[in-house]
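A.B. asks: Protein sequence lines correspond, in order, to chains A and B. Converting from the first sequence to my numbering requires adding 822 to each position, the first position being numbered 1. Converting from the second sequence to my numbering requires adding 822 to each position, the first position being numbered 1.
Number of protein chains: 2
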Amino acid sequence: MEQLSPDANLLKGNLDLILLEILEAQPMYGLEIINEAQTRTDGYFDFKEGSLYPALHRLEAQGWLSGAFQDSDSGGPRRKYYRLTDKGNRALERKRAEWQRFGRAIESLRGRP
Amino acid sequence: MEQLSPDANLLKGNLDLILLEILEAQPMYGLEIINEAQTRTDGYFDFKEGSLYPALHRLEAQGWLSGAFQDSDSGGPRRKYYRLTDKGNRALERKRAEWQRFGRAIESLRGRP
DNA sequence: CCTCCTACCTAGGATAGCTATATAGTAAGC
DNA sequence: GCTTACTATATAGCTATCCTAGGTAGGAGG
Numbered sequence: 823m824e825q826l827s828p829d830a831n832l833l834k835g836n837l838d839l840i841l842l843e844i845l846e847a848q849p850m851y852g853l854e855i856i857n858e859a860q861t862r863t864d865g866y867f868d869f870k871e872g873s874l875y876p877a878l879h880r881l882e883a884q885g886w887l888s889g890a891f892q893d894s895d896s897g898g899p900r901r902k903y904y905r906l907t908d909k910g911n912r913a914l915e916r917k918r919a920e921w922q923r924f925g926r927a928i929e930s931l932r933g934r935p
Numbered sequence: 823m824e825q826l827s828p829d830a831n832l833l834k835g836n837l838d839l840i841l842l843e844i845l846e847a848q849p850m851y852g853l854e855i856i857n858e859a860q861t862r863t864d865g866y867f868d869f870k871e872g873s874l875y876p877a878l879h880r881l882e883a884q885g886w887l888s889g890a891f892q893d894s895d896s897g898g899p900r901r902k903y904y905r906l907t908d909k910g911n912r913a914l915e916r917k918r919a920e921w922q923r924f925g926r927a928i929e930s931l932r933g934r935p
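Below you can see the structure in the form of structure tokens.
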């Protein structure tokens, strides 16, 4: 487990991409997303509920995700599972491209006199 | 020249890194930084003065940049040249490492079932 | 002079993630 | 039945940062 988490500002504008990446393969509910993000990044990503839920609502309002409540399979409160819509899949492609473009732009700044 | 500029939110938290990258090789003044960023990224980065100047002041207050006024060599108003301090160089290294780490974390989210 | 260009600066607004808390259902212990 | 703990979703208020939209001022050229 790594302790370091990213500067909060790095997430701005990238949280959408991150959520779409995680939900691309399979639908998940809120806390599951937080756990998955932690596991897959060795604890680097550690989203707070106060960041996650508004973001999920935002993406749902944009039509990129659709959420549906479902009873827990282990006896807890109901869970809201989010899955990517077709629109969300297209958005993911755009976000990936934008991320690549941004990275290339940063690199192109280096090594100049 | 490319028209597309990055989503404003992508810049949040990365503008510091960008400015340090640009100023690493040589000192520059405000508008020169804007022009250089445009040129080096084929117009992708197009910083507004309202973003740039507060950022420069912030970095100067943190001790990462030091600024000094200097008369223009082409007869305009005086220019404020910013150069990286030693502290700024160390900050640049940290920001680069953080950027790499963040990029790796994003990639590690992909291709999972 | 008067206009234009350069150059620096700032106030106010919008956005998005974080802190902290609220709400509620289920399960376990006594 | 009551309390405690865990899970799960939700949101109000804070803060940081970038952008919009201006302002100030010096020099060049007609």
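For glycine and all other residues, C-beta sits at the position ideal for the given N, C-alpha and C. Note that this is a predicted model, so its numbers are computed, not measured.
Could you give the DSSP three-state label for Lys780(A): helix, strand or coil?
C.D. replies: Past the edges of chain A, shown from 823 to 935, lies residue 780(A), and the structure says nothing about it.
A.B. asks: Kindly identify the DSSP beta-bridge partner or partners of Leu892(A).
C.D. replies: The question names Leu, but residue 892(A) in the sequence shown is Gln. Paired residue(s): Arg901(A).
A.B. asks: Can you say whether Ala993(A) is buried or exposed, counting buried as having 16 or more other CB atoms within 10 angstroms of its CB?
C.D. replies: What the structure shows of chain A is the stretch from 823 to 935, and residue 993(A) is not part of that stretch, so it cannot be assessed.
A.B. asks: Can you find the residues in the same chain that come closer than 6 Å, C-beta to C-beta, to Ala919(A), ignoring five residues on each side of it along the sequence?
C.D. replies: Result list for Ala919(A): empty, nothing under 6 Å.
A.B. asks: Quick one: residues in its chain with C-beta nearer than 7 Å to the C-beta of Glu824(B), no 5 flanking neighbours on either side, listed in chain order?
C.D. replies: Interpretation of Glu824(B) is limited by its pLDDT of 49, a score under 50 that renders its predicted location unreliable; no figure is taken from the coordinates.
A.B. asks: Give me the residue from Gly910(B), Asp868(B), Phe869(B) and Ser930(B) with the minimum Cα distance to Leu845(B).
C.D. replies: Taking only the C-alpha atoms, the option nearest Leu845(B) is Gly910(B).
A.B. asks: Using 8 Å for Cβ pairs, my map puts Glu882(A) next to Ser888(A). What's the rounded Cβ distance?
C.D. replies: Going by Cβ atoms, the distance from Glu882(A) to Ser888(A) rounds to 7 Å, so yes, they are a contact pair.
A.B. asks: If the cut is a Cβ gap below 9 Å, which residues of chain B does His866(A) touch?
C.D. replies: Strictly speaking, residue 866(A) in this sequence is Tyr, with His absent from that position. Arg923, Phe924, Arg926, Ala927 and Ser930, listed in chain order.
A.B. asks: Under a CB-based cut-off of 8 Å, is Glu854(B) close to chain A?
C.D. replies: Not one chain A Cβ lies under 8 Å of Glu854(B).
A.B. asks: When the Cα atoms are used, what is the spatial distance from Phe924(B) to Pro828(A)?
C.D. replies: Computed Cα separation, rounded: 7 Å.
A.B. asks: Should Leu833(A) be labelled buried (16 or more other beta-carbon atoms within 10 Å of its own) or exposed?
C.D. replies: So Leu833(A) counts as buried.
A.B. asks: Taking 8 Å as the CB-CB cut-off, is Arg905(A) touching chain B?
C.D. replies: Chain B, which has no Cβ nearer than 8 Å to the Cβ of Arg905(A), makes this no.
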